[in-house]
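Novice: First the structure, then my questions, so here it is.
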Amino acid sequence: MHSLERGRYRVRFADSAADISASQALRKLAFAGAAKGLETDCFDALCDHVLVEEITTGKLVASYRLMQLVGTTIEQSYSAQFYDLNALRQFGGALLELGRFCTHPDHSDPEILRIAWALMTRVVDGEGITMLFGCSSFEGCDAAPYTEVFSMLKSRHRAPDLWRPLAKSPEVVDFQDAPMSSKALRKVPPLLRTYLAMGGWVSDHAVVDRDMNTLHVFVGVEIATIPEARKRLLRAVAQ
0 MHSLERGRYR
10 VRFADSAADI
20 SASQALRKLA
30 FAGAAKGLET
40 DCFDALCDHV
50 LVEEITTGKL
60 VASYRLMQLV
70 GTTIEQSYSA
80 QFYDLNALRQ
90 FGGALLELGR
100 FCTHPDHSDP
110 EILRIAWALM
120 TRVVDGEGIT
130 MLFGCSSFEG
140 CDAAPYTEVF
150 SMLKSRHRAP
160 DLWRPLAKSP
170 EVVDFQDAPM
180 SSKALRKVPP
190 LLRTYLAMGG
200 WVSDHAVVDR
210 DMNTLHVFVG
220 VEIATIPEAR
230 KRLLRAVAQ
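If you're matching positions, the sequence shown starts at 0 in numbering that gives the first Met the number 0 and goes up one per residue.
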């Protein structure tokens, strides 16, 4: 479960402090555009870190981190800093928070995202995860370019009332109804697009995160409701 190779890439769990530092350096580059330094926070010590590398060169092309919880401990998650997640305290089973997903700016191969999800699929199946969740980011703090995207999320992908995350952060953007075009889906970040394809749902607002220079939405995927065809595709890559 701890490593997987497909095509040009290898995905594996970090097994040293150097691995984690490499992931933090990539995060600094991806999130802040800075080629030097590390992007760190207090949650790094609580998470398992995952690296995607080119097999031939060993170059790190993507990384993310995972934190396993249950409903009653969800307030310990990174996402709980920004969202009131009290409704999810009643969600049964093991939960898995995906965070800090990033790819190297020079690498846009869709196979990177595919193999990254393959290892996560193994974790979900192996650990009996019932919900995958996290924050999915839009670049910048200006909501204007995303008006129709947020309208689409509100009308098609809003969380069920039973599990709906409530506003907690001091600066949020509530999703409003607005005219939508076919271009709306093109503005959805690849990671969020993958969540939605699995039947994921989102909060009814975005959080303005000025430290990270992003707008992000809470997204949850209930494993039991992922379409069977999508599960087969994910597991086929994860074999």
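By construction, the Cβ of each residue, glycine as well, lies at the ideal position given by its N, Cα and C atoms.
1) Helix, strand or coil for residue 89 per DSSP?
2) Would you give the residue range spanned by the alpha helix (DSSP H) that residue 19 belongs to?
3) What are the boundary residues of the beta strand (DSSP E) that residue 213 is part of?
4) Helix, strand or coil for residue 156? Go by DSSP, reduced to three states.
5) Can you give me the C-alpha to C-alpha distance between residue 13 and residue 197, rounded to a whole angstrom?
6) Which runs of the alpha helix (DSSP H), 4 residues or longer, sit entirely within the segment 100-138?
7) Please check the pair residue 65 and residue 51, which I expect to be a contact at CB under 8 Å, by giving their CB distance rounded to whole angstroms.
8) Report the partner residues of residue 12 according to the DSSP bridge assignment.
9) Counting beta carbon pairs with one atom in the segment 202-221 and one in the segment 175-187, are three or more of them shorter than 8 Å?
10) Could you have a look at residue 70 and say whether DSSP puts it in helix, strand or coil?
11) Using the Cα positions of residue 58 and residue 116, report the straight-line distance between them to the nearest angstrom.
12) Please state the DSSP three-state secondary structure of residue 170.
13) How big is the Cα-Cα spacing for residue 23 and residue 227?
14) Please report the straight-line C-alpha distance between residue 221 and residue 130, rounded to a whole angstrom.
15) Starting from residue 205 and walking both ways along the beta strand (DSSP E), at which residues does that stretch end?
16) Count the C-beta pairs between the segment 104-120 and the segment 145-155 that are closer than 8 Å, then say yes if the count reaches three, no if not.
17) Under the three-state reduction of DSSP, which class applies to residue 38: helix, strand or coil?
18) Between which two residues does the alpha helix (DSSP H) harbouring residue 191 extend?
19) Enumerate in chain order the residues of its own chain whose CB-to-CB distance from residue 73 is below 7 Å, with the five nearest sequence positions on each side excluded.
20) Would you give the residue range spanned by the beta strand (DSSP E) that residue 3 belongs to?
21) Do the CB positions of residue 149 and residue 132 come within less than 7 Å of each other?
22) Between the alpha carbons of residue 98 and residue 178, how many angstroms are there, rounded?
23) Would residue 234 pass as a contact of residue 114 if the rule is Cβ separation under 7 Å?
24) Relative to the C-alpha of residue 166, which residue among 204, 139 and 181 is closest?
25) Is it right to say residue 32 is buried, meaning 16 or more other beta carbons lie within 10 angstroms of its own, or is it exposed?
26) Just the Cα atoms here: how many angstroms apart are residue 201 and residue 21?
Specialist: In brief:
1) By 1-based counting over the sequence shown, the position of residue 89 is 90. In the structure shown, residue 89 adopts helical secondary structure according to DSSP, grouped into three states.
2) Within the sequence shown, numbered from 1, the residue matching residue 19 stands at position 20. Element bounds for residue 19: 16-31.
3) Reading the sequence shown from its first residue, position 214 is the one you call residue 213. Looking at the DSSP string, the run of the beta strand (DSSP E) that includes residue 213 is 213-221.
4) Here residue 156 refers to the residue found at position 157 when the sequence shown is read from its first residue. Three-state DSSP puts residue 156 in a helix.
5) Against the sequence shown, residue 13 aligns to sequence position 14. Against the sequence shown, residue 197 aligns to sequence position 198. Taking the straight line joining both Cα atoms gives about 26 Å.
6) 109-126
7) Counting from 1 along the sequence shown, the entry for residue 65 is found at position 66. Counting from 1 along the sequence shown, the entry for residue 51 is found at position 52. About 13 Å separates the two Cβ atoms, so there is no contact after all.
8) Here the question's residue 12 lines up with position 13 in the sequence shown. As computed with DSSP, residue 12 is found in a beta bridge with 49.
9) No, the segment 175-187 is not in contact with the segment 202-221.
10) Working through the sequence shown from its first residue, we reach residue 70 at position 71. Note: residue 70 maps to helix in three-state DSSP.
11) As a first step, residue 58 is located in the sequence shown; it is residue number 59 there, counting from the start. As a first step, residue 116 is located in the sequence shown; it is residue number 117 there, counting from the start. Computed Cα separation, rounded: 19 Å.
12) Residue numbering aside, residue 170 sits at position 171 when the sequence shown is read from its first letter. Residue 170 falls in the coil class under three-state DSSP.
13) Reading the sequence shown from its first residue, position 24 is the one you call residue 23. Reading the sequence shown from its first residue, position 228 is the one you call residue 227. Cα to Cα, residue 23 sits roughly 35 Å from residue 227.
14) Numbered from its first residue, the sequence shown carries residue 221 at position 222. Numbered from its first residue, the sequence shown carries residue 130 at position 131. So the alpha carbons of these two residues sit roughly 5 Å apart.
15) Walking along the sequence shown from the start, residue 205 turns up at place 206. Unbroken beta strand (DSSP E) run through residue 205: 204-208.
16) no
17) For this step, residue 38 is matched to residue 39 along the sequence shown. Here residue 38 sits in coil by DSSP.
18) Counting from one through the sequence shown, the residue named residue 191 turns up at place 192. Here the alpha helix (DSSP H) through residue 191 covers 189-196.
19) Position 74 of the sequence shown, counting from 1, holds the residue named residue 73. Within its own chain, the residues whose Cβ lies closer than 7 Å to the Cβ of residue 73, once the five positions on either side in sequence are excluded, are 79, 84, 87, 88 and 94, listed in chain order.
20) Residue numbering aside, residue 3 sits at position 4 when the sequence shown is read from its first letter. Here the beta strand (DSSP E) through residue 3 covers 2-5.
21) For the purposes of this step, residue 149 is taken as the residue at position 150 of the sequence shown. For the purposes of this step, residue 132 is taken as the residue at position 133 of the sequence shown. Here residue 149 is not near residue 132, since their CB atoms are 7 Å or more apart.
22) If you number the sequence shown from 1, residue 98 lands on position 99. If you number the sequence shown from 1, residue 178 lands on position 179. Each residue's Cα considered, the two are about 31 Å apart.
23) Taking the first residue of the sequence shown as position 1, residue 234 is located at position 235. Taking the first residue of the sequence shown as position 1, residue 114 is located at position 115. For residue 234 and residue 114, no; Cβs fall outside 7 Å.
24) One-based indexing of the sequence shown puts residue 166 at position 167. It is 204.
25) Along the sequence shown, one-based indexing puts residue 32 at 33. With a threshold of 16 other beta carbon atoms within 10 Å, residue 32 falls short and is exposed.
26) The sequence position of residue 201 within the sequence shown is 202, counting from 1. The sequence position of residue 21 within the sequence shown is 22, counting from 1. If I take the Cα positions, the gap works out to 30 Å.
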